[in-house]
Amino acid sequence: MSTALSLRRISRMSSNGWDRLFKSESMVRAGLQPFEIVHQSGIHSVRHYLPLTEESITVGDDTLPVSKKRNAIPLVLIAPLAVNMYVYDLLPERSFVRYLMAQGFDVYLIDWGKPTRKQAGLTLENYIKEFLPACLNAVREHSGSKKLNLQGWSMGGGMALAYTALFKDENINKVVTYGTPIDGHANGAIGQQYKRLAHLLKSARINFRKVPAKLLYTPGWANVIGFKLLDPVGSLKGYWNLISQLHDREFVAQHANQAAFIDSLEAYPGGALRDWFASIWLENETAHGHFKVGKAVANFKDITCPVLGIAGKSDNLANVACCKPITKVVGSENSEFFIGPGGHIGIMSGKESPNTIWAKTVSWLNS
């Protein structure tokens, strides 16, 4: 490399590094797709993404024509708790919602908002029995369609399954889950640790479900740290890749957008976190096909609509073995399991997702 090229590379690295450290907001292009709020109750809301006006959109390095054929059944994206909505519209050229709309779907997104300590007592019963039905009713009223398709990522997929089973809602057309744990104890070493913890608590006659919700309220900053500690190698690798690619403006911008999502996680209401941890990771209820919702029980065999479960090949938070039993626990005669590239976030917004996971989702929903 010539001296002139080396100097230009150093100059780009300095400029990009400065902007990434001190002007990162100028690099963020997440959350730009226009939407309207069609339902608001307390801190949660339902977004309806406005139709695309372009004839084609950019997806990665490719161009995708915007379909003139519209799917008659709205698609409702159910977010997990504690995430911000950037992940659904991470970059204009890597936007899940834009991709779905270009494929002809009318897209709604449930945003659970920003819980504070005032909401620490909210439980999964509140979300599954009260909030989610209200959100889905709002979508039905706004769209004019009784039938709905549901897509849930992580805990959002668990909510979709529990709702569909509990209410036996015949107007749920299809359900797609991304990275949703079913057999928590099959989740590698961490799953085995949870299994041992469950035995210890049982031996000590400690009922985790009786832990006060306020004690389990987890602020956003703690969730950021916890998420990174669950995959410390991946977190360090991300920063190393940033340093090694500091000369590449586009790479640095993508890193800034990813960080805008990961570093801005929201709080967990203590009650909901307690319920999820108990059902999935300690008691492992879903591996046996049911899920406690307050005093009620959602039996997954009551889910008769088609179900597609998707897992990330390198997902450390909900691995393939953990997600795969979905086809065994639901009552649907048409259930399918698909393994795509990426980790827990990568399955939603990774570079390879459009041509694999997103494409599979669209083809399956249209089948």
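Going by our numbering, the letters in the sequence shown line up with residues 3 to 369, in that order.
Glycine is no exception: its CB is placed at the ideal position from the N, C-alpha and C atoms.
What you are looking at is a predicted structure, and each value in this text was computed from that prediction instead of being measured.
Q.
Comparing C-alpha positions only, which one of Y101, N73, N189 sits nearest to A289?
A. Nearest neighbour of A289 by Cα position, chosen from Y101, N73, N189, turns out to be N189.
Q) Just how far apart, CA to CA, sit I347 and G222? A) It is roughly 17 Å from the alpha-carbon of I347 to the alpha-carbon of G222.
(Q) Between the alpha carbons of V85 and S266, how many angstroms are there, rounded? (A) Rounded to whole angstroms, V85 to S266 spans 8 Å at the Cα level.
**Q.** Cα-Cα separation, R119 to P271
**A.** Their backbone Cα atoms lie some 8 Å apart in a straight line.
**Q.** Buried versus exposed call for T55 [16 or more other C-beta atoms within 10 Å across all chains shown]
**A.** Within 10 angstroms of the beta-carbon of T55 lie fewer than 16 other beta-carbons, which makes it exposed.
Q. Measuring CA to CA, which of D304, W283, L367, W278 is closest to N128?
A. The shortest Cα separation from N128 among D304, W283, L367, W278 belongs to W278.
Q) Can A162 and V177 be called in contact, C-beta distance under 7 Å? A) Yes.
Q: Put S365 into one of helix, strand or coil per three-state DSSP.
A: In the three-state reduction of the DSSP assignment, S365 falls in the helix class, which pools H, G and I.
Q | Member of Q153, I184, Q121 whose CA lies at the smallest distance from the CA of D108 | A | For the residues Q153, I184, Q121, the minimum Cα distance to D108 belongs to Q153.
Q) Nearest CA to the CA of K170: which residue from V322, K204, N301, L34? A) Ranking V322, K204, N301, L34 by Cα distance to K170 puts N301 first.
(Q) Can you tell me whether F107 is helix, strand or coil according to DSSP? (A) DSSP places F107 in the coil class of the three-state scheme, outside both helix and strand.
**Q.** Helix, strand or coil at I208 according to DSSP, with G and I counted as helix
**A.** Here I208 carries a coil assignment [DSSP, helix/strand/coil].
Q.
Given this structure, state the Cα-to-Cα distance separating I59 from D113, to the nearest angstrom.
A. Distance between the alpha carbons of I59 and D113 is about 25 Å.
Q) Between the C-alpha atoms of T306 and H292, what's the straight-line distance to the nearest angstrom? A) Approximately 14 Å between the Cα atoms of the pair.
Q.
Across the region 39-49 and the region 133-150, are there enough close Cβ pairs to call them in contact, namely three or more that are closer than 8 Å?
A. Pairwise C-beta distances place the region 39-49 in contact with the region 133-150, as three or more of them are shorter than 8 Å.
Q. Which residue's Cα is closest to the Cα of R100: Y51, A206, S47, N286?
A. Among Y51, A206, S47, N286, the Cα nearest to that of R100 belongs to Y51.
Q: Within the same chain, show all residues whose beta-carbon is closer than 7 Å to that of A298, passing over the 5 residues directly before and after it, in chain order.
A: Within its own chain, the residues whose Cβ lies closer than 7 Å to the Cβ of A298, once the five positions on either side in sequence are excluded, are L168, listed in chain order.
Q | Run of the alpha helix (DSSP H) containing V322, from where it starts to where it stops | A | Taken as a continuous stretch (DSSP letters only), the alpha helix (DSSP H) holding V322 covers 322-325.
Q.
Closest to F98 by C-alpha separation, out of S369, T363, N368, would be which residue?
A. Minimum Cα distance to F98 is reached at T363.
Q. Less than 7 Å separating the beta-carbons of G314 and I349?
A. Closer than 7 Å, so yes.
(Q) Check this for me: beta carbons of L134 and V78, under 7 Å apart or not? (A) The answer is no: Cβ separation not under 7 Å.
Q | Buried or exposed by the 16-neighbour rule on C-beta atoms within 10 Å, applied to I227 | A | With fewer than 16 other CB atoms across the displayed protein chains lying within 10 angstroms of its CB, I227 is exposed.
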